[in-house]
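Protein chains in written order, with my numbering: chain S, 106 to 339; chain X, 106 to 339.
For reference, the structure is listed below as structure tokens.
Protein chains: 2
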Amino acid sequence: MSRKVLLISSSRIYGQAYMEYCRQELLDFWGDVREILFVPFAIKDWDGYAANVSRFLEPMGFSIKALHTQPDFKQAISEAKGVFVGGGNTFLLTRTLYEQDLIGLVRERVIGGEMRYMGSSAGSNVAGPTMKTTNDMPIVMPPSFDTFNLVPFQMNPHYQDPQPDSQHMGETREDRIREFHQWNEAPVVGLREGGLVEVEGDKATLKGVTGARLFRAGQNPEEYLPGADLSFLL
Amino acid sequence: MSRKVLLISSSRIYGQAYMEYCRQELLDFWGDVREILFVPFAIKDWDGYAANVSRFLEPMGFSIKALHTQPDFKQAISEAKGVFVGGGNTFLLTRTLYEQDLIGLVRERVIGGEMRYMGSSAGSNVAGPTMKTTNDMPIVMPPSFDTFNLVPFQMNPHYQDPQPDSQHMGETREDRIREFHQWNEAPVVGLREGGLVEVEGDKATLKGVTGARLFRAGQNPEEYLPGADLSFLL
């Protein structure tokens, strides 16, 4: 399998500009592909979102083409060498991907190695088999929770460790992922802000400045540090 | 309209036993109705959940009958003077309510004034028109996000204010509710842990030990203190 996939926990980390902390990982991942088709569906204001992403990524040497400005979405994807699916609300993103009938086409081109895929936050959530490990509020209803299935594991971006001094009685993130595993089997990568997972073919590597916590059904969670080989998840 | 509805943000507040902080509100609300039909669907382990709820509520003078131990769920609801829908995962709760075909029946009996309704956390979420303002993870897919519609406003239980010293880059609760209002009209009561909303007919009152933050589409959020009259939301 010749897929090339970069899954980012969050486009920003505290105190830094958009994608600044992972600039080198982006340059390494994209290599000589410099025209990126940007999918703005996770946020309502497509124009504003695309302008903002261009403002940060173009100075890094990328050329950003926004999908919604193209006359034919499917044709634009069929011709793209790479897509970037930005963050926002995962329910809205998934609903819009279904409305535009893009799930199968994106998957086919990424799995076939014809198009690279970069996702951040909601865009990372939908790279897995389902969007069932999103943190987002279900503000709209998609026809299905099934997503791109570019990798066989689930992403939980913006992963937060339990706070020992918290007086909040709602579930911790770990509680929620444990509930997910009462009903689902796929492993979940709890990716802290500042973390990225890069997949090239059958090799997966944890990158970035923070570690990840891996949750598997019926097993104790495990910690992985940047640089860890996660290929066993593929 | 003769409905009697009690919506609780959370069954526990920090450092206190189950429902201890709102014991008096429960006694006031239930009055001479002391047999409560408990709906455990928001958690996978129905037996364990019902046993736990009984352990805390029976010493307060209530008799707890668990819905899943009844031979006929619909008949049990048709005969109940009151139900309590407990917290857990709102997606799981809603899916199970649809599987058991109970949405219409519960609504009809509560709106008709024949059965009182108490909900906590996920059980409060489903009292509104939809479950679209839950905080929970979408671990299973319900056939619809439409819920009991016992009141015309949405509940956001476990409401948390933005933390000024947070370095987390994920959306605040307020951000999420603002996104909800980009696509939906219903007002949202952000009910902090320790807060309750009591509805009797056409009168709604904020009770408990914490305030609530009210979000309406296109308006600035507003703060309400315990004791506030929220009848204008009905």
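Cβ atoms here follow ideal geometry from the backbone N, Cα and C, with glycine treated the same way.
| Check | Outcome |
| --- | --- |
| For lysine 308(S), which of helix, strand or coil comes out of DSSP? | strand |
| For threonine 174(S), is the classification buried or exposed, using 16 other Cβ atoms within 10 angstroms of its Cβ as the cut-off for buried? | exposed |
| At which residue ranges does the region 172-233 of chain S contain complete beta strand (DSSP E) runs of 3 or more residues, listed in the order of the chain? | 187-190 and 221-225 |
| Would you identify the three-state DSSP class for methionine 260(S), choosing helix, strand or coil? | strand |
| The region 170-199 of chain S: which residues have C-beta closer than 9 Å to a C-beta of chain X, in chain order? | Gly193, Asn194, Thr195, Phe196 and Leu197 |
| Examine chain X for any beta-carbon lying closer than 8 Å to the beta-carbon of isoleucine 244(S), and answer yes or no. | yes |
| Kindly indicate which three-state DSSP category alanine 156(S) falls into: helix, strand or coil? | helix |
| So with CB distances below 9 Å, who are the chain X contacts of arginine 214(S)? | Per Cβ cutoff of 9 Å: no residues; arginine 214(S) is ~26 Å from chain X at best. |
| What is the DSSP secondary structure of leucine 142(S), counted as helix, strand or coil? | strand |
| Classify phenylalanine 320(S) as helix, strand or coil using the three-state DSSP reduction. | strand |
| Would a check of beta-carbon distances place tyrosine 329(S) closer than 8 Å to chain X? | no |
| Taking only beta carbons into account, state which residues of the region 109-125 of chain S come closer than 7 Å to chain X, listed in chain order. | Ser115, Arg117, Ile118 and Tyr119 |
| Would you say glutamate 298(S) reaches chain X, if we count a Cβ-Cβ gap shorter than 8 Å as a contact? | yes |
| Can you look up glutamate 328(X) in the DSSP assignment and give me helix, strand or coil? | strand |
| Spatial neighbours of methionine 236(S) within its chain, please: CB distance less than 7 Å, with the 5 preceding and 5 following residues excluded, ordered by chain position. | Thr195, Thr199, Asn230, Phe250 and Thr252 |
| With valine 144(S) and glycine 191(S) assumed to form a contact (beta carbons below 8 Å), what rounded beta-carbon distance in angstroms separates them? | 7 Å |
| Measure the C-alpha to C-alpha separation of phenylalanine 298(S) and serine 116(S) and round it to an integer number of angstroms. | The sequence shown places glutamate at residue 298(S), not phenylalanine. The straight-line gap from Cα to Cα measures roughly 8 Å. |
| For the alpha helix (DSSP H) containing isoleucine 113(S), list its first residue and its last residue. | It is not in any alpha helix (DSSP H) - isoleucine 113(S) instead sits in the beta strand (DSSP E) that spans 109-113. |
| In terms of residue numbering, what span does the alpha helix (DSSP H) encompassing arginine 281(X) cover? | 278-288 |
| Residues of the region 271-292 of chain X in Cβ contact with chain S at a cutoff of 7 Å, in chain order, please. | Gln272, His273, Met274, Gly275, Arg281, Glu284, Phe285, Gln287, Trp288 and Asn289 |
| Give the straight-line distance between the Cα atoms of arginine 128(X) and methionine 165(X), rounded to the nearest whole angstrom. | 8 Å |
| Quick test of the definition: if touching needs 3 or more C-beta pairs under 8 Å, does the region 271-285 of chain X touch the region 269-281 of chain S? | no |
| Counting C-beta neighbours from all protein chains within 10 Å, is the total for arginine 160(S) 16 or more, i.e. buried, or is it exposed? | exposed |
| Is the closest heavy atom of the ligand ZN to the C-beta of leucine 202(S) under 7 Å? | You won't find the ligand ZN in this model; it holds no ligand whatsoever. |
| What does DSSP give as the partner residue(s) for threonine 235(X) in the beta ladder? | Asp251(X) |
| Are methionine 234(S) and proline 262(S) closer than 8 Å when you measure CB to CB? | The question names methionine, yet the displayed sequence has proline at residue 234(S). Going by C-beta atoms, proline 234(S) is not nearer than 8 Å to proline 262(S). |
| Short of 7 Å in beta carbon distance, which residues of its chain neighbour tyrosine 123(X), apart from the five on each side in sequence? Order them along the chain. | Ser116, Arg117 and Phe161 |
| What in chain X is Cβ-close to glutamine 265(S), meaning under 9 Å? | His273 and Gly275 |
| Quick check on methionine 236(X) - is its C-beta less than 8 Å from some C-beta in chain S? | yes |
| Just the C-alpha distance for lysine 308(X) and glutamate 327(S), rounded to the nearest angstrom, thanks. | 51 Å |
| For leucine 301(X), write down the residues that DSSP places opposite it in a beta bridge. | Ile113(X) and Lys312(X) |
| Measure from the alpha carbon of lysine 312(S) to the alpha carbon of each residue in Asp133(S), Lys186(S), Ser107(S) and Leu197(S), then state which is nearest. | Asp133(S) |
| Just the chain S side, please: which residues come within less than 9 Å of phenylalanine 250(X) by C-beta, in chain order? | Pro243, Val245 and Met246 |
| Can a CB atom of chain X be found closer than 8 Å to the CB of lysine 312(S)? | no |
| Compare the Cα-Cα distances from aspartate 150(X) to each of Gly193(X), Phe178(X) and Glu140(X) and report the closest residue. | Gly193(X) |
| Give a yes or no on whether 8 Å exceeds the smallest Cβ distance from asparagine 240(X) to chain S. | yes |
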